[in-house]
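Undergrad: Next up is a structure, given as structure tokens.
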Amino acid sequence: MLGPCKNQGHCYFNETLPLQYMCQCPVGFSGYDCEYDNRICKNNTCWHDGDCVEMNGTVSINNQTTFKCICEYGYDGARCELIRDMCVNITCKNNGICFSSYLSWTCHCLDSSLYSGKYCEHKSTLLVAKQALSKSFASIAIAAIIAVFLFVIIMDILKYVFKIDPVDRERRLMKLEQKKKHLNKNRKKRFRKVPLKVFYIS
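Residues 1 to 202 in our numbering are what the sequence shown lists, from first letter to last.
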């Protein structure tokens, strides 16, 4: 027959007591049958298999010895009640977003067709080709702008510094062409064809 004392209390029979026995309770338990658990670190003090440690000599709560929970990996909080955010020290590249899950994390890439890898660090061949093409177009445009700019500067230097007008010959030729066209128009006006009326005499 099991003894009446709980929580590993030692039972002593004593016929002089009303129940004819008494319990000697271990440290942290009380009650006639040692049924009250007064320990700071109980079985359910720390959640998720966290280890409870009594902290003597620290600031106490309600004049009682405080405790500290040493949590298993992946849990946090005073009683290990919180699931730890696994994305705290993770940086996803190329605007990827980190999602925390139980004891793990995942980087979700902005566009899976453009980026891949554990940290979204790998660029697809399509993206690399697009970036190279845009760079080449940009460099061609910059080169064209520089060429036009240099051409204008050289023309100004020749005209205003060395008094050489590079387009003077072309300008004269254009004026001559305009004069020729003007003269041809005037000649056509002088020798306009006049319709003749023919009268037949019978």
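Glycine residues also receive a C-beta, built at the ideal position from the N, C-alpha and C atoms.
How big is the Cα-Cα spacing for K6 and D33?
TA: To locate residue 6, count along the sequence shown from 1; it is residue 6. To locate residue 33, count along the sequence shown from 1; it is residue 33. In a straight line, the C-alpha of K6 is about 6 Å away from that of D33.
Undergrad: Between S100, F162 and C120, which has its C-alpha nearest S112's C-alpha?
TA: Position 112 of the sequence shown, counted from the start, is the residue given in the question as residue 112. Cα-wise, what sits closest to S112 is C120.
Undergrad: So which of D156, K179, N95 and V161 has the shortest CA-CA distance to L114?
TA: Position 114 of the sequence shown, counting from 1, holds the residue named residue 114. Residue N95 is the option with its Cα nearest to L114.
Undergrad: Quick check on DSSP: helix, strand or coil for G57?
TA: Against the sequence shown, residue 57 aligns to sequence position 57. Bear in mind that a pLDDT of 46 at G57, under 50, signals an unreliable position, so the model cannot answer this.
Undergrad: How big is the Cα-Cα spacing for T45 and V53?
TA: Counted from its first residue, the sequence shown places residue 45 at position 45. Counted from its first residue, the sequence shown places residue 53 at position 53. If I take the Cα positions, the gap works out to 10 Å.
Undergrad: What number of angstroms, rounded off, separates the C-alpha of S60 from the C-alpha of F67?
TA: The count along the sequence shown starts at 1 and reaches residue 60 at position 60. The count along the sequence shown starts at 1 and reaches residue 67 at position 67. In this predicted model, S60 has a pLDDT of only 47, less than 50, meaning its place in the structure is not dependable; the value taken from the coordinates is given anyway. Linking S60 to F67 through their CA atoms gives a straight-line distance of about 9 Å.
Undergrad: Where does the unbroken beta strand (DSSP E) through T106 begin, and where does it stop?
TA: Within the sequence shown, the letter at position 106 stands for residue 106. According to the DSSP assignment, T106 belongs to the beta strand (DSSP E) that extends over S104 to H108.
Undergrad: Name the residue from C109, K118 and R84 whose alpha carbon lies nearest to the alpha carbon of L103.
TA: As a position in the sequence shown, residue 103 is number 103, starting the count at 1. It is R84.
Undergrad: Would you kindly work out how many angstroms separate the C-alpha atoms of C109 and T91, rounded to a whole number?
TA: What you label residue 109 is simply residue 109 of the sequence shown in a count that begins at 1. What you label residue 91 is simply residue 91 of the sequence shown in a count that begins at 1. One C-alpha to the other measures close to 12 Å.
Undergrad: Check whether the Cβ of V53 lies closer than 8 Å to any heavy atom of the ligand COA, and answer yes or no.
TA: The model depicted lacks the ligand COA and carries no ligand whatsoever.
Undergrad: Could you tell me which residues DSSP puts in a beta bridge with Y75?
TA: Indexing the sequence shown from 1 puts residue 75 at position 75. Note: Y75 sits in a beta bridge opposite I83.
Undergrad: Taking all protein chains shown into account, do 16 or more other C-beta atoms lie within 10 angstroms of the C-beta of G3, making it buried, or fewer, making it exposed?
TA: Here the question's residue 3 lines up with position 3 in the sequence shown. Looking at its Cβ environment, which holds fewer than 16 other Cβ atoms inside 10 Å, G3 is exposed.
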